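Below is one structure, written out as structure tokens; the observations come after it.
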Amino acid sequence: MTQPIWGPVQQEMSDLLQRHPDDVPGVVDLLARLQVALCRVPPLLDSNPLADFNKLYLTITENVLERLYAGKFKDPAFLARLDVEFAARYFDALRYWTEGSPACPGVWAGLFCRIPGPDARALPSAVAGVNAHINFDLPFALVTTFDHLGSDPVDGSDQHHDYLQVNDIFAEEIPGLRRGYLDRWQLLIDTMNGDLDDWWQGEMVEYTRNVAWRNAQKLWAIRHDLGALDKERRRLDGTATGLGKLLLSPFGSFLQ
Amino acid sequence: MARQGDEGPLVGRTGTLADVQSNLRNVGPGGTAAVFVTGESGVGKSRLLRETADALRETGFSVLFGTCLDIGDASPLHPVLQALRRLDGTAPAGTADDAGALLERVSRDLRAIAGEQQLLLVLDDLQWADRSTRQLLLYLLAGLGDVRVSVLAAIRAEALHGTHPLRRVLAELRRLRSVRVVDLAPLSQDHTRELVTAIVGGTVALEDADRVYKRSGGNPFVVEELARDLRDGRVELSDTLREIFLSRVDELPPNAHTVVHAIAAGVEPVEHAVLAGVVPLPEDQLIEAVRAAVTHRFVASDRDGYKLRHRLVAEVLEQEVLPAEAASLHRRYAETLESVEGEPDNARLAFHWQRAGEPDRALPPVVASARAAERMYGFAEAHRYWTIALQLAGDTDPRRTELLGHAAESAHQCGEHLLALARLEELAGRPDAPGQSELHLRRARYLAAAGRSATAEIEYQRALEAPDCTPRRRASAAAYLAELLLHLGRYADANQHAREALELAAVNGATTDLVRASAALGFSAAFREDPDAGLAVIRHAVEIAERSGHPDDLGVAYLHLAELLAGPLNSLEEGVLVARRGAGLLAARGVGRTYQTRLLAIAAKGLFRNGQWSEAYAVLETAMRNHPSGADAVELLLARSQLWVGFGEVENARRDLDAVATLLAGGGARHVLPMLTLRAGLAMWQGEHAEARAAVQRGLTETRSDDLVLLGVLAWHGLRAEAEAHVAGQPIDAGAIRRLRTVMDRLVKGVVEAPAPVRAVVDGYLDLCTAELSRVEDRQDPEPWARAAAIWDRRQQPYPRGVLTAAARRGLPAAPGPAHVGGHRAAPGVCDGDRDGRPPVRQRDHRGGAAVPGHARRRRPGGAGRPGARGGRAVHADRTGAGGAGGGGRGLDQSRDR
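Chains as they are written, first to last, in the UniProt record's numbering: chain A, 1 to 256; chain B, 1 to 898.
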């Protein structure tokens with residue numbers, strides 16, 4: 001609790017996390033600055049597992065931003081708010097971790113505590129972050145967004161359509177990123193495996209994102225009951241933490 | 001949660017304390033300020049609140065202290081009413097004409113208390129505040145209550161983790177200059193040592209102090225307790241708070257032990273008389289037991305009653321009580337509370353009977369609480385009580401059907417449309433369910449409010465076709481259906497159903513249906529090229545309403561007539577006249593405050609469009625004197641800030657925009673874009689490029705792709721901000737420019753399909769964009785400036801034309817100078833608003849088939865009472881007009897003018 005968690009970039013991280021971006025360009029900007037700082041955290045530097053996740057998240061959020069400007073979403077106000085709310089939870093988790101606060105969700109703490117090592121493979125690391133962010137943060141971000149905009153999470157609505165479009169972004173980005181991580185022999189295996197592997201990865205994100213939508217609908221019904229909500233939060237954190245551990249275990253490296 | 005008595009010294013908070021005080025003193029132009037303190041339990045939030053309150057009281061603040069209740073089901077406005085009651089024993093009565101009137105009444109009491117002083121309103125445990133309290137806070141902070149108030153509130157950080165509504169409220173408020181959010185961190189190692197030393201007294205071994213730091217994590221509450229253990233010679237420091245307190249509970253005398261557990265089961269503060277009923281001890285023994293509990297630092301006592309010293313203690317104790325013990329304590333509480341004379345405390349009774357495992361006895365106070373909340377327009381709270389009532393009444397309970405009806409309606413009222421529909425489904429399945437026509441009609445209303453127009457239409461049709469549909473209900477359903485079809489832009493169908501409704505209502509209908517049907521008929525006729533017929537129908541509705549004299553009928557009828565005249569018919573002057581007459585009529589009778597406000601808003605917007613700015617300002621001031629709240633207040637403030645911008649009164653414009661932002665923190669998405677456009681314009685004018693850039697980028701990422709005009713305005717503002725930055729020698733944002741080019745591409749593609757008047761406006765903005773780009777790229781190309789100047793000049797648009805005077809510097813003919821209005825200096829470069837060249841009604845319609853200006857701005861039938869409530873596609877219509885708060889619809893014949 002006393003030693004600086006981020007080593008030489010402790011102050012920089014602390015300063016960056018004082019920000020609370022409230023629009024998508026602001027989120028992209030903060031993610032980009034965090035990426036620079038995270039790549040300087042010893043001993044793993046730019047191969048630390050959080051940097052792997054942050055990089056993926058940055059790429060995806062940049063993609064969302066481009067689509068917002070290009071008018072690709074049916075309800076941009078919804079998607080922009082969701083993106084900001086979603087990111088706020090990642091930034092919150094980082095802030096709690098930086099302050100050494102016990103409030104840091106278990107699923108994030110599981111990834112953060114791997115920053116000093118042992119080294120995990122880049123892909124499982126990024127996926128572990130995706131797990132925390134989607135399985136745990138996303139349902140809450142959805143509920144807050146709907147609540148604030150005064151609309152309901154209805155299947156087949158404009159918002160649902162936009163929400164599903166983000167699955168396409170994941171599908172686009174993950175295979176590409178994945179190849180970026182691979183060295184030569186892995187590339188060989190990858191080629192042999194063909195798209196099957198990519199498909200599996202894409203499925204996982206899509207699957208968990210749909211679970212997040214369902215969970216959000218479940219949370220929606222109980223959102224005024226703080227006790228029940230807290231219970232559900234713990235449950236989701238517990239489940240996601242378990243999955244995160246698995247991803248960062250030696251088993252996770254089979255992914256790569 | 002308050003901690004009192006022998007507290008340790010305040011360590012490590014000197015700087016924070018000074019900052020908080022200075023922020024609370026440093027009120028913004030609206031006369032308000034706020035500090036929200038967040039932090040984990042035990043970190044010292046309540047202490048900070050008390051210390052700040054004490055310090056400010058001494059420097060001339062009038063202080064009011066309220067605490068939110070932990071029972072989750074408190075009555076509306078509880079902490080503020082409790083604070084008022086505590087001060088003078090009375091609280092505003094729970095009945096008012098509408099929710100706004102109630103807010104105004106509470107504000108009046110707060111004003112009276114403050115007198116000449118600045119009021120400090122301190123609210124502890126804000127995470128438990130109900131929705132009404134949050135709305136009141138925003139209302140006060142926006143300056144609508146006319147109270148010079150500084151708000152200091154504490155929020156448990158743990159509560160903000162999930163989906164707590166305060167999360168978004170705080171995120172929105174953070175941006176305002178008059179609001180600070182202070183995240184209270186645990187103590188550092190050095191400060192922990194200091195606190196330990198102060199409590200132990202004398203010297204403390206460094207390793208002991210550091211052990212306390214490690215175990216407490218710097219949480220001052222835990223530090224204090226561990227330091228006391230150290231002082232009292234407990235050799236083994238306890239590892240957890242639980243162990244600390246459990247070992248102390250064991251040391252309590254038996255009666256004190258009973259008292260502590262009893263208070264833990266109660267709703268704090270527990271009055272002595274109530275405790276005496278719960279703990280069956282002779283008075284002297286009870287007092288002795290309480291004293292022991294206080295001495296052992298479990299209980300704090302003040303004039304309101306007893307509390308546990310800290311919430312954390314209650315959490316430890318809760319786990320130590322057997323379920324049967326707890327049930328018995330709650331039963332004794334409930335019985336004691338029932339025997340107390342005077343108004344029953346239904347919220348507490350409901351709480352205790354539920355936990356005593358007596359659903360039958362819990363039900364009556366729960367229902368009473370629901371009705372009380374409804375009387376105070378706390379629909380969210382009422383909805384929660386009706387939901388509890390349903391949980392208490394089992395499937396076979398004969399009361400369940402009635403409860404379901406209330407639960408569905410209250411869910412609808414507070415904007416919980418999905419839940420409302422789910423309740424209605426259950427209601428439909430009951431053996432004693434209401435008739436088919438009623439069910440279909442209600443389902444249709446809920447669906448329409450949820451923005452699901454297609455299914456709503458089917459349900460209205462089913463209601464009309466149901467065999468049990470009485471003529472009266474048929475009139476009602478047809479009138480609602482006509483209104484819905486009007487929103488969908490299907491004027492022929494709307495016309496047909498409105499006629500049917502009118503015929504039915506004329507024979508056997510309620511005046512409200514008659515007025516609604518007339519309005520739908522009038523509007524649909526006006527849109528179907530027969531404005532005179534439409535006008536005649538609505539005029540007739542006004543006559544009917546005047547005869548009935550009912551405020552709702554009068555309000556609705558005048559509103560429709562004024563909207564038709566000032567909107568689609570473009571008879572601005574008559575529209576203004578009608579709106580003012582309606583408002584005056586209602587004011588003379590002292591009724592229909594909300595309608596008065598809306599009518600005056602129409603009048604002000606009409607006057608603004610007519611160029612009578614001073615007159616518009618006067619009308620807005622009159623409307624503001626009604627102390628509007630929610631969406632009505634936002635509309636007026638936006639209109640007024642647009643006027644301020646026009647007058648060149650920058651600070652006033654900012655104040656009103658900040659007030660809008662404050663209100664929107666509670667929800668209200670449809671007003672965000674008008675606010676951002678005004679903000680961008682204002683910042684651009686003042687050369688604050690970063691702020692303009694931020695407002696533009698947020699606006700652009702939240703604008704629908706078919707809002708071509710709004711996209712044009714924002715893209716131009718964005719490029720202009722970059723160009724101005726470049727000219728001022730500041731760095732430009734290359735990424736922003738690339739993205740703004742994407743938006744320009746969208747405009748170029750989209751404009752091909754757009755009707756001629758829209759095309760002309762968008763082309764004008766595209767030229768301005770190109771011109772600004774040429775400045776960014778140092779090309780100084782006069783061509784686009786000239787084209788833009790010609791377009792705007794032809795359209796006689798003062799806003800962009802004014803900006804084009806800048807083009808004069810590049811050797812182009814300058815547009816005529818800005819007008820001087822009402823002795824104020826006009827600021828032509830900012831006042832886009834209504835004059836942004838939004839296209840007339842007809843042309844706008846087929847962009848989305850939804851835009852019915854004027855009409856779209858009305859509340860949806862039976863729509864939710866909160867500002868964030870969705871108006872289906874009508875919301876979009878409003879966004880289209882986002883360029884200006886002064887924006888009413890363009891007239892039918894205005895397209896000809898152009």
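All C-beta atoms, glycine included, are put in the ideal place defined by N, C-alpha and C. Predicted, not measured: the structure shown is a model, and the values here were computed from it.
Going along the chain, which residues of its own chain have a beta-carbon closer than 7 angstroms to the beta-carbon of Leu403 (chain B), five neighbours each way excluded? Start at 1 with the first residue of the second sequence, and residue 403 (chain B) comes out as number 403. Closer than 7 angstroms at Cβ, skipping near neighbours: Trp386, Ala389, Leu390, Ala393.
How is Tyr446 (chain B) classed by DSSP in three states: helix, strand or coil? The residue labelled residue 446 (chain B) in the question sits at position 446 within the second sequence. Under the three-state reduction of DSSP output, Tyr446 (chain B) falls in the helix class.
Would you mind working out which of B:Asp397, B:Ala422, B:His383, B:Gly415 sits nearest His406 (chain B), comparing C-alpha positions? Within the second sequence, residue 406 (chain B) is the residue found at index 406, counting from 1. The alpha carbon of His406 (chain B) has as its nearest neighbour, out of B:Asp397, B:Ala422, B:His383, B:Gly415, the alpha carbon of B:His383.
Against chain B, does Val36 (chain A) count as a neighbour if the rule is that its beta carbon must be under 7 angstroms from one of theirs? Counted from its first residue, the first sequence places residue 36 (chain A) at position 36. So, not an interface residue.
Buried or exposed for Pro165 (chain B), going by 16 or more other Cβ atoms inside 10 Å? By 1-based counting over the second sequence, the position of residue 165 (chain B) is 165. Buried: at least 16 other Cβ atoms inside 10 Å.
Which residues, taken in chain order from the stretch 134-166 of chain B, show a beta carbon closer than 8 angstroms to some beta carbon of chain A? The residues in question are Ala157, Glu158, Ala159, His161, Gly162, Thr163, His164, Pro165.
Compute the distance between the beta-carbons of Ile538 (chain B) and Ser518 (chain B), then report whether it is under 7 angstroms. Residue mapping note: residue 538 (chain B) aligns to position 538 of the second sequence, counting from 1. Residue mapping note: residue 518 (chain B) aligns to position 518 of the second sequence, counting from 1. Yes; because the gap between Cβ atoms is below 7 angstroms, this pair is in contact.
Hey, how far is the Cα of Asp360 (chain B) from the Cα of Leu312 (chain B)? By 1-based counting over the second sequence, the position of residue 360 (chain B) is 360. By 1-based counting over the second sequence, the position of residue 312 (chain B) is 312. About 32 angstroms.
For the alpha helix (DSSP H) containing Val107 (chain A), name the first residue and the last one. Reading the first sequence from its first residue, position 107 is the one you call residue 107 (chain A). Where Val107 (chain A) is concerned, the enclosing alpha helix (DSSP H) stretches over 106-112.
What are the partner residues of Thr67 (chain B), as DSSP defines its beta bridges? Looking up residue 67 (chain B) in the second sequence gives position 67. Answer is B:Asp124, bridged to Thr67 (chain B).
Proximal residues, the stretch 681-701 of chain B versus chain A, C-beta separation under 8 angstroms: The stretch 681-701 of chain B vs chain A, Cβ under 8 angstroms: Ala694, Gln697, Arg698, Leu700, Thr701.
Can a CB atom of chain B be found closer than 7 angstroms to the CB of Gly110 (chain A)? To locate residue 110 (chain A), count along the first sequence from 1; it is residue 110. No, its Cβ sits nowhere closer than 7 angstroms to a Cβ of chain B.
Drop a sphere of 10 angstroms on the beta-carbon of Cys113 (chain A), count the other beta-carbons inside from all chains shown, and report buried for 16 or more, exposed for fewer. Taking the first residue of the first sequence as position 1, residue 113 (chain A) is located at position 113. Counting Cβ neighbours within 10 Å, Cys113 (chain A) comes out exposed, since fewer than 16 surround it.
Could you compute how far the alpha carbon of Asp513 (chain B) sits from the alpha carbon of Arg589 (chain B)? Indexing the second sequence from 1 puts residue 513 (chain B) at position 513. Indexing the second sequence from 1 puts residue 589 (chain B) at position 589. Computed Cα separation, rounded: 23 angstroms.
Go ahead and label Gly886 (chain B) buried or exposed: buried means 16 or more other beta carbons lie within 10 angstroms of its beta carbon, across all protein chains shown. For the purposes of this step, residue 886 (chain B) is taken as the residue at position 886 of the second sequence. Residue confidence for Gly886 (chain B) is low, a pLDDT of 30 falling below 50, so the modelled location carries little weight and cannot support an answer.
Roughly how many angstroms separate the alpha carbons of Ser216 (chain B) and Leu226 (chain B), rounded to a whole number? For the purposes of this step, residue 216 (chain B) is identified with residue 216 of the second sequence, where counting begins at 1. For the purposes of this step, residue 226 (chain B) is identified with residue 226 of the second sequence, where counting begins at 1. So the alpha carbons of these two residues sit roughly 8 angstroms apart.
Can you give me the start and stop residues for the alpha helix (DSSP H) that Leu144 (chain B) sits inside? Taking the second sequence and counting its residues from 1, the one referred to as residue 144 (chain B) is at position 144. For Leu144 (chain B), there is no enclosing alpha helix (DSSP H), as DSSP marks it with neither H nor E.
C-alpha gap between Gly7 (chain A) and Asp137 (chain A), whole angstroms: If you number the first sequence from 1, residue 7 (chain A) lands on position 7. If you number the first sequence from 1, residue 137 (chain A) lands on position 137. Straight-line measurement puts the Cα of Asp137 (chain A) at about 27 angstroms from the Cα of Gly7 (chain A).
Can you check whether the C-beta of His160 (chain A) is within less than 7 angstroms of a C-beta belonging to chain B? Counted from its first residue, the first sequence places residue 160 (chain A) at position 160. No, no contact with chain B.
Determine the contact status of Asn26 (chain B) and Val35 (chain B), defining contact as a CB-CB distance below 7 angstroms. Within the second sequence, residue 26 (chain B) is the residue found at index 26, counting from 1. Within the second sequence, residue 35 (chain B) is the residue found at index 35, counting from 1. Contact check for Asn26 (chain B) against Val35 (chain B) fails: the beta carbons are separated by 7 angstroms or more.
Classify Phe298 (chain B) as helix, strand or coil using the three-state DSSP reduction. As a working mapping, residue 298 (chain B) is identified with position 298 in the second sequence. Phe298 (chain B) falls in the coil class under three-state DSSP.
Considering only the beta carbon of each residue, do Thr597 (chain B) and Asp553 (chain B) sit closer than 7 angstroms? Here residue 597 (chain B) refers to the residue found at position 597 when the second sequence is read from its first residue. Here residue 553 (chain B) refers to the residue found at position 553 when the second sequence is read from its first residue. Against a cut-off of 7 angstroms, the Cβ pair of Asp553 (chain B) and Thr597 (chain B) comes out as no contact.
Roughly how far, in whole angstroms, is the beta-carbon of Leu599 (chain B) from the beta-carbon of Ala618 (chain B), given that I think they are within contact range, below 8 angstroms? Residue 599 (chain B) sits at position 599 when you count from the first residue of the second sequence. Residue 618 (chain B) sits at position 618 when you count from the first residue of the second sequence. Beta-carbon to beta-carbon, Leu599 (chain B) and Ala618 (chain B) are separated by about 15 angstroms, too far to satisfy the 8 angstroms threshold.
Continuous beta strand (DSSP E) stretch holding Leu488 (chain B): start and end: As a first step, residue 488 (chain B) is located in the second sequence; it is residue number 488 there, counting from the start. From DSSP, Leu488 (chain B) is part of no beta strand (DSSP E); its letter is neither H nor E.
What does a CB cutoff of less than 7 angstroms around Cys262 (chain B) pick up in its chain, not counting 5 residues either side in sequence? Within the second sequence, numbered from 1, the residue matching residue 262 (chain B) stands at position 262. First, the residue type needs correcting, since residue 262 (chain B) is Ala and not Cys in the sequence shown. Here the set comprises Leu275, Val278, Val279, Leu329.
What do you get for Glu777 (chain B), buried or exposed, if any count of 16 or more other CB atoms within 10 angstroms of its CB means buried? Start at 1 with the first residue of the second sequence, and residue 777 (chain B) comes out as number 777. If you draw a 10 Å sphere on the C-beta of Glu777 (chain B), you find fewer than 16 other C-beta atoms in it, and that means exposed.
Answer with buried or exposed for residue 310 (chain A), where buried requires no fewer than 16 other C-beta atoms within 10 angstroms of its C-beta. Any property of residue 310 (chain A) remains undetermined from this structure, which presents chain A solely from 1 to 256.
Whole angstroms is fine: what's the gap from Leu138 (chain B)'s alpha carbon to Arg13 (chain B)'s? The sequence position of residue 138 (chain B) within the second sequence is 138, counting from 1. The sequence position of residue 13 (chain B) within the second sequence is 13, counting from 1. Pairing Leu138 (chain B) with Arg13 (chain B), the inter-Cα distance amounts to about 28 angstroms.
Helix, strand or coil for Thr396 (chain B) per DSSP? In the second sequence, residue 396 (chain B) corresponds to position 396, counting from 1. In the three-state reduction of the DSSP assignment, Thr396 (chain B) falls in the coil class.
Alpha-carbon spacing of His550 (chain B) relative to Ala101 (chain B), whole angstroms: Walking along the second sequence from the start, residue 550 (chain B) turns up at place 550. Walking along the second sequence from the start, residue 101 (chain B) turns up at place 101. When rounded, the distance between both Cα atoms is 18 angstroms.
Kindly give me the distance between the Cβ atoms of Arg134 (chain B) and Gly666 (chain B), rounded to whole angstroms, as I take these residues to be in contact under 8 angstroms. Here residue 134 (chain B) refers to the residue found at position 134 of the second sequence. Here residue 666 (chain B) refers to the residue found at position 666 of the second sequence. At roughly 6 angstroms, the Cβ-Cβ gap stays under 8 angstroms, so Arg134 (chain B) and Gly666 (chain B) are in contact.
Verify whether the separation of the beta carbon atoms of Ser188 (chain B) and Val147 (chain B) is less than 7 angstroms. Working through the second sequence from its first residue, we reach residue 188 (chain B) at position 188. Working through the second sequence from its first residue, we reach residue 147 (chain B) at position 147. No, Cβ-Cβ distance for Ser188 (chain B) and Val147 (chain B) is not below 7 angstroms.
Taking all protein chains shown into account, do 16 or more other C-beta atoms lie within 10 angstroms of the C-beta of Pro9 (chain B), making it buried, or fewer, making it exposed? As a first step, residue 9 (chain B) is located in the second sequence; it is residue number 9 there, counting from the start. Here Pro9 (chain B) is exposed: its Cβ has fewer than 16 other Cβ atoms, across all protein chains shown, within 10 Å.
Short check: CB of Ala604 (chain B) to CB of Leu564 (chain B), under 7 angstroms? As a working note, residue 604 (chain B) is residue 604 in the second sequence. As a working note, residue 564 (chain B) is residue 564 in the second sequence. Going by C-beta atoms, Ala604 (chain B) is not nearer than 7 angstroms to Leu564 (chain B).
For a test of the three-state rule: what should DSSP assign to Ser339 (chain B), helix, strand or coil? Residue mapping note: residue 339 (chain B) aligns to position 339 of the second sequence, counting from 1. Shown here, Ser339 (chain B) sits in a helix according to DSSP, grouped into three states.
List the whole-angstrom C-beta distance separating Leu142 (chain A) from Leu82 (chain A), where the pair is believed to meet the contact cut-off of C-beta under 8 angstroms. Along the first sequence, read from residue 1 onward, the residue named residue 142 (chain A) stands at position 142. Along the first sequence, read from residue 1 onward, the residue named residue 82 (chain A) stands at position 82. Contact holds; Cβ gap of about 7 angstroms.
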